[in-house]
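2 protein chains.
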Amino acid sequence: MTREPEQTTRATGAGPAVPAGTAAAPLRGMRIVELSAFVAAPLCGLTLAQLGADVIRVEPIGGQVDRTRWPLAASGTSLYWTGLNKGKRAIEVDLRSAEGRALVTDLITGGGPRGGIVVTNAELPGLAYEDLRAHRPDLVYVRLTGRWDGRTAVDYTVSAETGMPAITGPAGVDGPVNHVLPAWDVAAGLYLAVGLLAAERHRLLTGEGQQVTVALHDVALATVATLGYLADAQLGGRPRAKDGNHVYGTYGRDFPTADGHRVMLVVLTARHWRDLLDLTGLGEAFAAVERALGADFTREGDRYAHRAVIDALLEPWFAARPLAEIEAELSARRLLHAPYRTFEELAADPAALLAANPVLALLDQPGVGPHLASRSPLVMNGERGDARPAPSVGQHTDEVLTEVLGRSPEHVAALREKGVVGRNRPASKED
Amino acid sequence: MTREPEQTTRATGAGPAVPAGTAAAPLRGMRIVELSAFVAAPLCGLTLAQLGADVIRVEPIGGQVDRTRWPLAASGTSLYWTGLNKGKRAIEVDLRSAEGRALVTDLITGGGPRGGIVVTNAELPGLAYEDLRAHRPDLVYVRLTGRWDGRTAVDYTVSAETGMPAITGPAGVDGPVNHVLPAWDVAAGLYLAVGLLAAERHRLLTGEGQQVTVALHDVALATVATLGYLADAQLGGRPRAKDGNHVYGTYGRDFPTADGHRVMLVVLTARHWRDLLDLTGLGEAFAAVERALGADFTREGDRYAHRAVIDALLEPWFAARPLAEIEAELSARRLLHAPYRTFEELAADPAALLAANPVLALLDQPGVGPHLASRSPLVMNGERGDARPAPSVGQHTDEVLTEVLGRSPEHVAALREKGVVGRNRPASKED
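In order, the protein sequence lines correspond to chains A and B.
Number 356 in UniProt numbering belongs to position 356 of the first sequence; there are no gaps in the numbering.
Number 342 in UniProt numbering belongs to position 342 of the second sequence; there are no gaps in the numbering.
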């Protein structure tokens, strides 16, 4: 089947004919069905929902397994789940029943030219690419796997085997140090979004759908290869070892201050180096060191190779000053630095944080209350999508079945009676 | 200006009328001009080049500052730079000259309906959004900043101030532990690609261009908010502390093996927990512990809260067995695990690595030789883009100026004579 490009602007289902969107919602009109759990696939859906897409999350009866993941609010509501699923709609369907799967198939394969898109991290029986494609040939099916051959893996196992923990942490620490941020999950979720948009663009231009897959393990392996870490080891570079908070290949490190804080300094360019010397008054001392060592500290490689002597000469300057003075001096010379902060310090003054960073919003989430929530890091013509609450289990079952799938309220009631859809419905306005 | 959607399939410049692309190259026909350095913006270009886009990197005379970043091959060629710039074209232009800027303006604003796209992490004089938009109203201009207000920041400063280093590393370690992976750069590069594709899609549908900005600091702040870390601190959750290699909120940890290796284990679900008990024969012991503590270890929160006692009971099982036996047993029960490996161990057998992972290729890069390089983690209908070499400085200056911009060889020679373009040209075939 080939659909001419101009046809793609004529909606055959619900929704506007030309979903132009506002600047902050360029994907308005796009409908995505998400069958997912954990971080990567939900982050894909969140990213596209924040750009205006209608993301409908399908959950099994009672809600998906990731709804209880830590951290939790005092009520037991997951801050993690609500964070990753903001602004989506949620329906509750028995995916083990043929009737439930048929309902989800209709939802996935409908939606007109801007629908027919699914994001998942699980290949559910009856809802695999080939099953769905039989109903809609131009389907865009986007799937996360653990490994490229379909085997499972998670962020922390993938990280262990691709090398990063071995070079993380202070030199004296025995054994690998894991990264706490599930960075591979975050990257994989964004790759899924890139793949989805590339495939949907291809469909806009040619009418052809396709399957897009991303393996978490591939994301990690590709990244350590792209950054040159893998080739360096293969080609016999000096083995990488734990190096504390030094930035590899240039000069960057954390320094204790006189008042018990720590500040991260990064000296990335020759301009930074010269301004740092000027600030600290260490120009003559470093000139003597450079002569003695045959080094040129305006070169990043030389700064890295001789970082121990640079450390030793800089430490007293930081140790003699309180953080506020150090920050003022470094800022005045546009030198790259930041104080270390804990999440508690960061969140201690929500009003200040919100005022300083429009990427955050105070979102009143049922089960949580007003809390610091993310808006999109993507700013489109100066605008960005608002933070909207995450759905409760089954909150949009009735709305989606009647408004999107065109089922009658009586039919929905019958499905609920049979247990094909869940009993959860939106909280009443009085709640 | 509003361009009707159907017009967008008529190329007004070079390139095919409907650049359908193959499965592995859905973006074939899209032209992106990249003015960038370091990780994020180049990763955006790489990601789109791997999907078939023509990415032309503009560099100042002599090459961009990031061409010498570590790790380096023995020849001095940067493994980092070549990794991040594979499959792009490179031209060398004096951006301080009006004539050079005019050339780059023509390049950015040309390219027909699939051109007019720029990715940058620097706002160069004369090449800002408003300057370029005056020449092409439907320009898609994608820019990385340090902070949302335009101030600078880099991965390691952003990371320090958004909280992650404070909770990274073993409990006994004093002070913050930085992540080694520039995870915020990686995520920012992928957000840039998402924003670019969303904006270009909007242009396909409406004819309108736009400016997309992403701040590195916003990416970090949004992510710690999305994962619930920030709200947890704001709402008075238990302060997060360093917790070694434990996975927060469930059960996961590294274990030393009898033969001196370490293996990461993640017990994510109740099924995993039951199979682990069955494997280790610890069912009765844990049942007694659960009774004593009033806990239920099929619940992830209980596993996390009582991780110390779980550690103590599991450690002897791992300590008594060599890695190979542990891997075989865990694999047989589909339990999530991986051995820790260094980059050196990973790269020690390139043939095995390549055979096991189609995301890697052996790429013969000038200045490096055959080395382990990344292909795209995005698999489109079973295919993925090949790894292609990164360009030398000015390698495509003549090709781009003549074939893309339609300048005569004589005109290019005159520009070179005046120093408007660089003297570097492709290595001859004999090299």
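All C-beta atoms, glycine included, are put in the ideal place defined by N, C-alpha and C.
All values derive from a computational prediction rather than experimental measurement.
* To do: Kindly indicate if chain A contains any beta-carbon less than 7 Å away from that of B:N85.
  => no
Per-residue burial, A:G283 [other beta carbons within 10 Å of its own, 16 or more giving buried]: exposed
- Task: Check the Cβ-Cβ distances between B:E161 and every residue of chain A, and say whether any is below 7 Å.
- Result: yes
Q. Anyone know if the C-beta pair for B:I56 and B:G422 falls short of 7 Å?
A. no
Just to confirm my understanding: we take A:A166, look at its own chain, exclude 5 residues before and 5 after, and list those with CB closer than 7 Å. What are they?
Closer than 7 Å at the Cβ level, and outside the excluded window around A:A166, lie P176.
Worksheet item: Residues of chain B with CB under 8 Å from A:R334, in chain order?
Response: T152
Meets three-Cβ-pair contact criterion under 8 Å: the segment 140-149 of chain B and the segment 241-257 of chain A: no
Less than 7 Å separating the beta-carbons of A:P42 and A:L84?
yes
With distance defined between alpha-carbon atoms, name the residue in B:D174, B:L190 and B:D138 nearest to B:G207.
B:D138
**Near-chain A residues of the segment 189-214 of chain B - C-beta to any C-beta below 7 Å** = Under the 7 Å Cβ criterion, the segment 189-214 of chain B contributes L190, Y191, A193, V194, G195, L197, A198, A199, R201, H202, L204, L205, T206, Q210, Q211, V212, T213 and V214.
Assuming the contact rule is C-beta atoms closer than 8 Å, B:L276 and B:L335 should be a hit. Round their C-beta distance to whole Å, please. Their Cβ separation, rounded to whole angstroms, is 6 Å, which keeps B:L276 and B:L335 in contact under 8 Å.
**Report entry** Where the alpha helix (DSSP H) through B:G45 begins and ends
**Finding:** A40 to A49
* Locate the alpha helix (DSSP H) running through B:H272, then write down its first and last residues. => A270 to T280
Q.
In this structure, how does DSSP classify B:S159 when only helix, strand and coil are distinguished?
A. helix
Legend entry - As assigned by DSSP and simplified to three states, the class of A:G283: Three-state result, A:G283: helix.
Taking 7 Å as the CB-CB limit, is A:Q234 close to chain B?
yes
Next on the checklist: I need the straight-line Cα distance from B:P391 to B:R89, nearest angstrom please.
Outcome noted: 6 Å
is_contact[B:V186, chain A] using C-beta, thresh 7 Å:
yes
Nearest to residue 438 of chain B by CA position, among B:E200, B:L204 and B:S159, is which residue?
Since the first residue shown for chain B is 1 and the last is 431, residue 438 of chain B is missing from the structure and cannot be characterised.
Using the three-state DSSP reduction, which class does A:A217 fall into: helix, strand or coil? The residue asked about is misnamed: residue 217 of chain A is His in this sequence, not Ala. Looking at A:H217 - three-state DSSP - the assignment turns out to be helix.
| Which residue from B:V420, B:E410, B:G301 and B:P170 puts its Cα closest to that of B:L268? | B:G301
Worksheet item: What are the boundary residues of the beta strand (DSSP E) that includes B:A338?
Response: L336 to P339
Could you check if B:R31 is buried or exposed, using at least 16 other CB atoms within 10 Å of its CB as the buried criterion? buried
Discussion item. Is there a Cβ of chain A sitting closer than 7 Å to that of B:L131, yes or no?
Written reply: Position check: residue 131 of chain B holds Asp in this sequence, whereas Leu was assumed. Cβ-Cβ to chain A under 7 Å: no for B:D131.
Quiz prompt | Closer than 7 Å to chain A by CB, B:G228 | solution = Output row for B:G228: interface = yes.
Quiz item: Which residues of chain A have a Cβ atom closer than 7 Å to the Cβ of B:E344, listed in chain order?
Solution: A233 and P239
- Message: Determine, for B:P366, whether the minimum Cβ-Cβ distance to residues of chain A falls below 7 Å.
- Response: no
### Query
Are the segment 408-415 of chain B and the segment 105-123 of chain B in contact at 8 Å, needing three or more beta carbon pairs?
No, because fewer than three Cβ pairs between the segment 408-415 of chain B and the segment 105-123 of chain B fall closer than 8 Å, the two stretches do not touch.
- Message: With a threshold of 7 Å between beta carbons, is B:W70 in contact with chain A?
- Response: yes
Any beta-carbon of chain A closer than 7 Å to the one on B:D218?
yes
Exercise. Spell out a yes or no on whether the segment 305-325 of chain A and the segment 346-359 of chain A are touching, meaning 3 or more CB-CB pairs, one atom from each, closer than 8 Å.
Key: no
Rounded separation between A:G281 and A:E315 - CA only: 13 Å
Q. Can you tell me the Cα-Cα spacing of A:E329 and A:V263, whole angstroms?
A. 13 Å
Distance, Cα to Cα, A:A231 vs B:V65?
-> When rounded, the distance between both Cα atoms is 21 Å.
- Task: Check whether the Cβ atoms of B:Q50 and B:S376 lie closer than 7 Å to each other.
- Result: yes
(message) Which of the three DSSP states is assigned to B:M30 in this structure?
(response) DSSP, reduced to helix, strand and coil, places B:M30 outside both helices and strands of the structure shown, so it counts as coil.
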